[in-house]
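Since the structure comes first, as structure tokens, the remarks are kept for the end.
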Amino acid sequence: LPKFTALNRELLCKLRDDEVLLIAAHAAEALAFLHGDRRERSIHRDVKPNNLLVQMSGDVKQEVASAYLSDLGLVTTIIEGRTHATTAHLGTPTFEDPDAFDGEARVEHDIYALGVTLACLAARVMYPAAQGAADLLGEDGNASIPPAVAKLARSMTQPDISSRPTAQQLARQLHALRP
24 LPKFTALNRE
34 LLCKLRDDEV
44 LLIAAHAAEA
54 LAFLHGDRRE
64 RSIHRDVKPN
74 NLLVQMSGDV
84 KQEVASAYLS
94 DLGLVTTIIE
104 GRTHATTAHL
114 GTPTFEDPDA
124 FDGEARVEHD
134 IYALGVTLAC
144 LAARVMYPAA
154 QGAADLLGED
164 GNASIPPAVA
174 KLARSMTQPD
184 ISSRPTAQQL
194 ARQLHALRP
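Under the numbering used here, think of the first position of the sequence shown as 24, with each following residue one higher.
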């Protein structure tokens, strides 16, 4: 049976940039499946580095073979044309889209959380400071995040949710960034 490891700080610090992009691409693929292109869509609502499982390959030189989005305890399903309102704030605050506080569950909120997650992975931190994406992707930026990755993460966390890429688009873009 394959062995899965929960992503942790020790493992994250050892990852190469191409492995970070692979993990993020696989998380985007998982979200693309959940969000689907159908009448009923599922929303994860707790995307963050701690909810990523990594499968390593190789006996001597360990490399990331694949990654999986875990902890489906907060997943909710929305039906096209209906509003899914919630009064509870779920998920982890520093990964939560500020737009989510309007009480309506949307797939774009998962995209925001994946953008913060991508920035964290690229900066090799498990959690951003209190301001979430702004701390890692603000005007000063983070020198440890490659510019193309920072640009993509900014597109995922922009305030205009209708301009955010879909999970399927993200998966393609993340794979394209890999060498």
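Glycine is no exception: its CB is placed at the ideal position from the N, C-alpha and C atoms.
Going along the chain, which residues of its own chain have a beta-carbon closer than 6 Å to the beta-carbon of residue i, five neighbours each way excluded?
i: Ala-176; result: Gly-138, Leu-141, Ala-142 and Leu-160
i: Val-11; result: A question about residue 11 goes unanswered here, because the residues of the chain that appear run from 24 up to 202.
i: Ser-167; result: Ala-146
i: Ile-102; result: Glu-63
i: Asn-165; result: Ala-146 and Leu-159
Terminal residues of the continuous alpha helix (DSSP H) containing residue i?
i: Val-130; result: 130-146
i: Gln-191; result: 190-200
i: Asp-1; result: Not covered by the structure: residue 1. The range shown for the chain is 24 to 202.
Along the beta strand (DSSP E) that carries residue i, what are the first and last residues, could you check?
i: Leu-76; result: 75-80
i: Arg-64; result: 63-66
Please state whether DSSP places residue i in a helix, a strand or coil.
i: Val-98; result: coil
i: Thr-117; result: helix
i: Ala-29; result: strand
i: Ala-90; result: strand
i: Glu-42; result: helix
i: Glu-225; result: This structure gives no information on residue 225, because the portion of the chain shown stretches from 24 to 202.
i: Pro-170; result: helix
i: Asp-183; result: coil
i: Lys-37; result: helix
i: Asp-60; result: coil
i: Glu-103; result: coil
i: Pro-151; result: coil
Whose C-beta lies closer than 8 Å to the C-beta of residue i among residues of the same chain, with five residues either side of it excluded?
i: Leu-75; result: Ala-29, Leu-30, Ile-46, Ala-50, Ala-90, Tyr-91, Leu-92, Ser-93 and Thr-140
i: Asp-133; result: Leu-54, Leu-57, His-58, Ile-66, His-67, Arg-68, Val-70 and Ala-190
i: Gln-181; result: Arg-187
By Cβ distance below 7 Å, which residues in the same chain neighbour residue i in space, the five residues on each side in sequence not counted?
i: Met-149; result: Arg-32, Leu-35, Pro-72, Asn-73 and Cys-143
i: Ser-178; result: Arg-187 and Pro-188
i: Leu-197; result: Leu-44, Ala-47, Ala-48 and Ala-51
i: Thr-115; result: Asp-69 and Lys-71
i: Gly-81; result: none
If residue i sits next to residue j, beta carbons under 8 Å apart, how far is it from one beta carbon to the other, in whole angstroms?
i: Ala-128; j: Thr-99; result: 6 Å
Confirm the yes/no value for this check: CB of residue i, any heavy atom of the ligand NAD, distance under 7 Å.
i: Lys-37; result: Only the bare structure without any ligand can be found here, which leaves the ligand NAD out of the picture.
Check: Do the stretch 83-94 and the stretch 32-52 touch if we need at least three Cβ pairs shorter than 8 Å?
Finding: yes
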